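Asker: Going down the list, the protein sequences come from chains G and X. First residue of the first sequence? That's 448 in the working numbering, and the numbers climb one at a time after it. First residue of the second sequence? That's 15 in the working numbering, and the numbers climb one at a time after it. Quick one: structure below, then a few questions.
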Amino acid sequence: MDLRFTADQRDFRDEVRTWLAENIPAEPLPPMDTPEGFEAHRGWERILFDAGWSVVNWPEAYGGREVGLVEWLLFEEEYYRSGAPGRVNTNGITLLGPTLFAYGTPEQHERFMRPMAAGDEIWAQGWSEPDSGSDLASISTRAIRDGDDFVLNGQKTWCSRGAWADWMFCIVRTDPDSERHRGLSYLLVPADSPGLERRPVGRLDGEPAFAELFFSDCRVPAVNLLGEEGQGWSVAMATTSSERGLNLRAPGRFLAAAGRLADLYRRASAEHDVDPGVLDQVVRAWMAADAYRWQTYATASRLQAGGELGASASMMKVFWSELDVELHATALRLLGSHGELVADAPEAVDAGSWMSGYLFALSGPIYAGTNEIQRNIIAERVLGLPRK
Amino acid sequence: MQFSFTDDQVMFAETVRDILANECPPSAVRASWEDPDGRVPGLWETLAATGVLGVAAPEAHGGLDMSTLDLVLPLEEFGYAACPEPVAEHAAVAIPLLSGHAAGPVADEWLGRAAEGTALLTAGSPTDAFVLAAERADLALLCADDEVHAVPAGSYTAVAQASVDHARRLARVDWTRGPDTLLSDDPAVVREVLDRGALAAAAQAVGVGRRLLDLTVAYVAEREQFGRPVGVNQAVKHHCSNVAIALEFAGPSVHKAAWSCAQGEGPEGGDPSLDVSTAKVLASDAVDLACRAALQCHGAIGYTIEHDLQLWLKRGWALSASWGDAAFHRRRVGEALAAG
Ligand SMILES: Cc1cc2nc3c(=O)[nH]c(=O)nc-3n(C[C@H](O)[C@H](O)[C@H](O)COP(=O)(O)OP(=O)(O)OC[C@H]3O[C@@H](n4cnc5c(N)ncnc54)[C@H](O)[C@@H]3O)c2cc1C
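Structure follows, in structure tokens:
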């Protein structure tokens with residue numbers, strides 16, 4: 448065991464830090480989930496890509512640097528510490544990306560990876576339906592083969608950034624007589640497909656960050672199938688492991704937030720008396736972020752030695768999502784009356800970012816499989832408790 | 015960055031685990047409750063033969079000259095078995111403290127015998143009122159203000175204080191400070207006593223938590239109500255999952271603290287005491303949760319003195335509270351965070 452970063456890893460980290468310090472936009476970008484904010488964030492993805500920072504752990508052929516897991520974790524730590532803009536193509540790069548590498552054909556790799564890395568094609572996840580949330584296997588959007596195309600009919604919902612994304616990765620039912628997990632396929636759908644209509648839906652913060660997708664006789668070329676027809680469920684499960692575990696939410700995000708929380712505490716206690724109970728909560732949040740960090744490095748070592756993430760990704764998902772809620776709730780307590788102020792308020796602290804962070808954190812226990820579902824998975828697949 | 019144990023470290027822990035499974039089953043823990051000294055006959059000698067008691071003693075004194083990092087996995091096993099012998103205080107606190115700070119004659123007098131197990135050492139936490147195994151120990155490390163003393167048995171009196179966990183033989187220790195027993199008057203050494211003890215308690219607490227979870231998972235998969243195992247019910251499952259999550263994150267935190275203590279500084283140059291405090295908080299909180307969940311999922315059978323669950327419940331409560339409870343260690347980190 449050696450918990451120090453190697454000289455190469457430290458050099459890499461310094462390089463990331465320096466580049467970010469020199470290149471982060473001076474003015475914050477407009478909110479990501481608005482039309483102009485979306486395009487501004489796309490522009491930032493291009494800057495990252497041109498400098499080789501958008502997908503550091505990907506092969507060089509697609510714009511990456513082929514760094515290892517530890518370097519990627521370090522990159523994330525630096526990225527969030529620097530306060531750089533949010534990543535508008537996270538769903539593509541961290542959810543679809545690994546699935547495409549694992550299941551895509553060489554032609555699909557050539558076609559999709561580079562534009563994804565460059566922000567030229569921004570991806571949204573089209574899985575949930577009005578009647579199928581936690582019970583994903585019950586989805587009913589159909590895709591019936593017709594010549595070289597699939598013809599889609601049905602509705603998707605809660606599609607994050609789906610209103611402006613260029614492509615959707617969808618799970619659809621290709622065998623109309625099938626039930627549950629069988630007969631599903633994983634299909635890559637261009638946003639401009641005729642017969643696809645998109646309607647933005649306001650999220651809790653009011654931004655039109657969700658979209659509903661309506662498919663009516665929407666034709667999608669069959670070459671856009673990812674994996675085999677009918678194998679959509681197993682392909683999708685590869686994505687969920689990325690989504691729950693370290694790919695989507697590396698510890699860097701929470702470490703940075705915990706650091707900012709400690710700073711907020713120091714500012715608040717310099718101004719007025721802070722209840723010792725609140726410091727206790729600050730410490731809890733800080734320790735949870737630290738524990739997540741080291742559990743992740745331990746996991747990285749396990750993976751590098753040939754281990755698998757598997758269902759333990761569910762433990763990570765519950766842990767990061769709940770720590771994020773507690774962390775932001777603590778910040779709001781520290782802020783007192785200022786906690787409820789949003790960006791526009793003249794006296795808003797840190798531009799209202801703690802409230803917007805809180806609103807976002809609250810969705811963590813819901814998306815990527817609710818925490819109730821994760822706890823079922825942990826009990827059944829990690830601990831081996833009986834299903835029935 | 016390489017966050018995993020060596021094969022040797024893992025094998026050493028497995029050896030300890032096997033010994034404890036054979037020589038320290040629940041029946042032996044139970045029998046220790048009735049033993050005048052709270053002992054498991056023969057166990058100490060077997061452990062001495064593996065070298066685990068003297069892991070941290072210098073080779074010159076018959077030890078293995080290894081570090082906290084080599085002890086942390088075995089310590090988890092002592093918790094997993096609810097081992098009544100005070101291995102942590104002896105091997106993980108007193109021996110390294112004497113090795114690091116005792117003057118030649120004191121080290122010569124004690125370390126060899128401690129490493130081979132013929133002398134029993136114990137240590138009192140600056141946070142706690144009572145000292146484990148003080149009545150039968152040959153030498154106790156005791157803290158007073160900024161001083162640490164190594165006090166031989168004849169120089170203190172011990173008044174037994176019965177613990178809810180009868181395997182833990184606690185005592186109020188009375189002694190008088192004097193130049194003969196002074197080990198160090200450096201407050202950093204008092205902190206070292208606390209850090210080593212808290213880390214050892216944290217590692218054992220993780221082991222206790224794992225055993226509680228294993229016992230509970232096995233029980234709820236077997237116990238039937240309404241014609242099916244109680245473990246199919248989601249409320250029961252979620253209790254178990256919560257414990258699994260808490261332990262999953264406490265483990266690496268404890269291992270990281272062990273590494274930092276062995277190095278004398280954190281991975282990025284931080285204060286190892288803060289790593290220890292974080293580990294103790296995670297471990298104490300995890301074992302507290304494990305105790306609550308395990309008892310609840312067992313129902314009334316877990317509330318009996320006949321069922322073995324109680325051996326780990328009581329050990330869990332004691333380890334969670336001793337060597338600084340979660341609130342104490344959060345405060346220690348809080349002061350550092352507040353200072354910036
Ligand atoms: C911010 C945000 C972004 C999202 N982005 C996307 C996206 O980009 N693409 C996409 O496809 N989806 C997205 N989702 C949808 C998300 O995947 C679903 O919300 C989630 O799967 C839960 O489904 P549901 O909302 O229908 O809740 P339901 O499944 O209706 O659940 C309601 C409640 O019942 C509980 N429950 C349900 N079943 C069980 C069970 N078996 N055991 C115990 N409890 C149960 C749930 O835990 C929850 O508390 C997003 C959601 C949010 C909040």
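Glycine included, every Cβ here is placed at the ideal spot set by N, Cα and C. Predicted model only: the values in this text are computed from it and were never measured.
X/R210 and X/V120 look like a contact to me (Cβ under 8 Å); what is the Cβ gap, rounded to whole Å?
Answerer: Against the second sequence, residue 210 of chain X aligns to sequence position 196. Against the second sequence, residue 120 of chain X aligns to sequence position 106. About 18 Å; that fails the 8 Å criterion.
Asker: For G/C419, report the span of its alpha helix (DSSP H) as first-last.
Answerer: Given that chain G is displayed from residue 448 to residue 835, the structure contains no residue 419 of chain G and the question cannot be resolved.
Asker: Can you determine whether any heavy atom of ligand 1 sits closer than 7 Å to the C-beta of G/T395, and answer yes or no?
Answerer: Past the edges of chain G, shown from 448 to 835, lies residue 395 of chain G, and the structure says nothing about it.
Asker: Against G/S748, what residues of chain X qualify as contacts under a CB-to-CB distance less than 8 Å, listed in chain order?
Answerer: Taking the first residue of the first sequence as 1, we reach residue 748 of chain G at position 301. Near G/S748 (Cβ distances below 8 Å), the residues of chain X are M15, Q16, F17 and S18.
Asker: For the region 609-623 of chain G against the region 556-571 of chain G, are there 3 or more C-beta pairs whose distance is under 8 Å?
Answerer: Contact holds: three or more Cβ-Cβ distances are below 8 Å.
Asker: Give me the Cα-Cα distance between G/F559 and G/D622, rounded to the nearest whole angstrom.
Answerer: In the first sequence, counting from the first residue as 1, residue 559 of chain G sits at position 112. In the first sequence, counting from the first residue as 1, residue 622 of chain G sits at position 175. Looking at the two C-alpha atoms, the distance is approximately 26 Å.
Asker: Mind pulling the alpha helix (DSSP H) runs of 4 or more residues that sit fully within the region 532-614 of chain G?
Answerer: Within the region 532-614 of chain G, the complete alpha helix (DSSP H) runs of at least 4 residues are 544-550 and 553-565.
Asker: So which residues of chain X does G/I820 contact, with C-beta pairs closer than 7 Å?
Answerer: Taking the first residue of the first sequence as 1, we reach residue 820 of chain G at position 373. Those do not exist, as G/I820 stays about 10 Å from chain X at its closest Cβ, beyond 7 Å.
Asker: Suppose you measure from the CA of G/I813 to the CA of G/L660; what does that come to, to the nearest Å?
Answerer: As a working mapping, residue 813 of chain G is identified with position 366 in the first sequence. As a working mapping, residue 660 of chain G is identified with position 213 in the first sequence. Their Cα atoms are separated by approximately 20 Å.
Asker: Under 8 Å, with one C-beta from each stretch per pair, do the region 678-685 of chain G and the region 706-717 of chain G reach the 3-pair mark?
Answerer: No, the region 678-685 of chain G is not in contact with the region 706-717 of chain G.
Asker: So which of G/I591, G/L520, G/G530 and G/W733 has the shortest CA-CA distance to G/G601?
Answerer: As a working mapping, residue 601 of chain G is identified with position 154 in the first sequence. It is G/I591 whose Cα lies nearest to the Cα of G/G601.
Asker: Helix or strand or just coil, what does DSSP make of X/R186?
Answerer: On the second sequence, position 172 is the one that residue 186 of chain X refers to. In this structure, X/R186 counts as strand in the three-state DSSP scheme.
Asker: Let me check you understand the geometry: is the CB of G/A571 closer than 7 Å to at least one non-hydrogen atom of ligand 1?
Answerer: Indexing the first sequence from 1 puts residue 571 of chain G at position 124. At least one heavy atom of ligand 1 is nearer than 7 Å to the Cβ of G/A571, so yes.
Asker: Comparing the CB of G/T817 with every heavy atom of ligand 1, is any distance shorter than 7 Å?
Answerer: Within the first sequence, numbered from 1, the residue matching residue 817 of chain G stands at position 370. Yes, ligand 1 has a heavy atom inside 7 Å of this Cβ.
Asker: Are the C-beta atoms of X/W273 and some chain G residue less than 8 Å apart?
Answerer: Along the second sequence, one-based indexing puts residue 273 of chain X at 259. Interface residue, yes.
Asker: In the DSSP assignment, find the unbroken beta strand (DSSP E) run with X/W224 in it and report its ends.
Answerer: As a working mapping, residue 224 of chain X is identified with position 210 in the second sequence. The residue you asked about is not Trp; residue 224 of chain X is Arg in the sequence shown. Careful: X/R224 lies outside any beta strand (DSSP E), inside the alpha helix (DSSP H) at P201 to E236.
Asker: Under 8 Å between the Cβ atoms of X/R9 and X/A158?
Answerer: A query on residue 9 of chain X cannot be resolved here, the shown segment of chain X reaching from 15 to 354 and no further.
Asker: With a threshold of 8 Å, are at least 3 pairs of Cβ atoms found where one atom belongs to the region 110-129 of chain X and the other to the region 168-178 of chain X?
Answerer: They do not touch, by the three-pair rule.
Asker: Run the proximity test for G/N600: is its beta-carbon closer than 7 Å to any non-hydrogen atom belonging to ligand 1?
Answerer: Here residue 600 of chain G refers to the residue found at position 153 when the first sequence is read from its first residue. No, the Cβ of G/N600 stays beyond 7 Å of every heavy atom of ligand 1.
Asker: Just to check my reading of the structure: X/A215 and X/K294 have Cβ atoms closer than 8 Å, yes? What is that Cβ distance to the nearest angstrom?
Answerer: To locate residue 215 of chain X, count along the second sequence from 1; it is residue 201. To locate residue 294 of chain X, count along the second sequence from 1; it is residue 280. Indeed they touch by this definition, with Cβ atoms about 7 Å apart.
Asker: Using beta-carbon positions only, say whether X/A1 and X/G330 come within less than 8 Å of one another.
Answerer: The structure shown does not extend to residue 1 of chain X, since chain X is modelled only from 15 to 354, so the question has no answer here.
Asker: Tell me where the alpha helix (DSSP H) around X/A162 begins and ends.
Answerer: Working through the second sequence from its first residue, we reach residue 162 of chain X at position 148. Before going further, note that residue 162 of chain X is Val rather than Ala in the sequence given. Unbroken run through X/V162 is the beta strand (DSSP E), E161 to P166; no alpha helix (DSSP H).
Asker: Got a sec: is the Cβ-Cβ distance from G/I813 to anything in chain X below 8 Å?
Answerer: Taking the first sequence and counting its residues from 1, one reaches residue 813 of chain G at position 366. Not closer than 8 Å to any Cβ of chain X, the Cβ of G/I813 fails to qualify, so no.
Asker: Around the C-beta of G/K835, are 16 or more other C-beta atoms found within 10 angstroms, so that it is buried, or is it exposed?
Answerer: For the purposes of this step, residue 835 of chain G is taken as the residue at position 388 of the first sequence. Exposed: under 16 other Cβ atoms inside 10 Å.
Asker: Could you work out which residues of chain X lie near G/F766, taking near to mean beta carbons separated by less than 8 Å?
Answerer: Within the first sequence, the letter at position 319 stands for residue 766 of chain G. The answer, in chain order, is I259, E262 and F263.
Asker: Name the two residues that bound the continuous beta strand (DSSP E) containing G/A826.
Answerer: The sequence position of residue 826 of chain G within the first sequence is 379, counting from 1. Careful: G/A826 lies outside any beta strand (DSSP E) and carries neither H nor E.
Asker: Using 8 Å as the cut-off, can you tell me whether the region 723-741 of chain G makes contact with the region 750-759 of chain G, which would need three or more C-beta pairs spanning the two stretches below that distance?
Answerer: Verdict: no, contact absent.
Asker: Check whether the Cβ atoms of X/V234 and G/L832 sit closer than 8 Å, and answer yes or no.
Answerer: Counting from one through the second sequence, the residue named residue 234 of chain X turns up at place 220. Counting from one through the first sequence, the residue named residue 832 of chain G turns up at place 385. For X/V234 and G/L832, yes; Cβs fall inside 8 Å.
Asker: Tell me whether the beta-carbon of X/A176 lies closer than 8 Å to the beta-carbon of X/A148.
Answerer: Reading the second sequence from its first residue, position 162 is the one you call residue 176 of chain X. Reading the second sequence from its first residue, position 134 is the one you call residue 148 of chain X. No.
Asker: So which residues of chain G does X/T292 contact, with C-beta pairs closer than 8 Å?
Answerer: By 1-based counting over the second sequence, the position of residue 292 of chain X is 278. Going along chain G in sequence order, the residues near X/T292 (Cβ under 8 Å) are M734, D737 and A738.
Asker: What are the boundary residues of the alpha helix (DSSP H) that includes G/S759?
Answerer: Reading the first sequence from its first residue, position 312 is the one you call residue 759 of chain G. Looking at the DSSP string, the run of the alpha helix (DSSP H) that includes G/S759 is S759 to L782.
Asker: Quick one: what does DSSP say X/T171 is sitting in, helix, strand or coil?
Answerer: The residue labelled residue 171 of chain X in the question sits at position 157 within the second sequence. Looking at X/T171 - three-state DSSP - the assignment turns out to be strand.
Asker: Write down the C-beta distance between X/L303 and X/N256 rounded to the nearest angstrom, noting that I regard them as a contact closer than 8 Å.
Answerer: Here residue 303 of chain X refers to the residue found at position 289 when the second sequence is read from its first residue. Here residue 256 of chain X refers to the residue found at position 242 when the second sequence is read from its first residue. At roughly 6 Å, the Cβ-Cβ gap stays under 8 Å, so X/L303 and X/N256 are in contact.
Asker: Could you give the first and the last residue of the continuous alpha helix (DSSP H) run that contains X/L323?
Answerer: The sequence position of residue 323 of chain X within the second sequence is 309, counting from 1. From DSSP, the alpha helix (DSSP H) with X/L323 extends over L323 to A335.
Asker: From what residue to what residue does the alpha helix (DSSP H) around X/T2 run?
Answerer: The requested residue 2 of chain X does not occur in the structure, where chain X is confined to residues 15 to 354.
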